[in-house]
Amino acid sequence: MKYTDYICLKTGRYQSVGKFGDNIYAYEILTGVTDSPEYHQISKAEFDSFETWSQEYISDLKKMYEIINRPVICSGYLGREELDPSLLRNI
1 MKYTDYICLK TGRYQSVGKF GDNIYAYEIL TGVTDSPEYH QISKAEFDSF ETWSQEYISD
61 LKKMYEIINR PVICSGYLGR EELDPSLLRN I
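Going by our numbering, the residue at position 30 of the sequence shown is 30; the numbering climbs one at a time, nothing skipped.
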């Protein structure tokens, strides 16, 4: 799968959550000067609660920081377009 196979299901400011295929939930954040997308795997529970944790105050972004510290499973950057299945976790 490529990063272009991502299906956005819920959106927030500069971020969204969605799926790759039927069962890989992902958090998308736009990064860099060109707003290139970067994808991190999330659980179904994190997907379901996106509206809550995406609205955290700037001083309390615990869930977002936890997610962005996970491996980037694919991104819009050259050379990272393909989803790397070896980085997927059972969450």
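Built from N, CA and C at the ideal position, the CB exists for glycine as well.
Item	Value
Could you tell me how far apart the beta carbons of Ser54 and Gly12 are, in whole angstroms, since I believe they sit closer than 8 Å?	4 Å
For Leu83, count the other beta carbons within 10 Å of its own beta carbon; 16 or more makes it buried, fewer makes it exposed. Which is it?	buried
Going residue by residue through the segment 46-78, where are the continuous beta strand (DSSP E) segments of at least 3 residues, counting only ones entirely within it?	72-75
Does Gly76 pass the burial test, meaning 16 or more other C-beta atoms within 10 Å, or should it be called exposed?	buried
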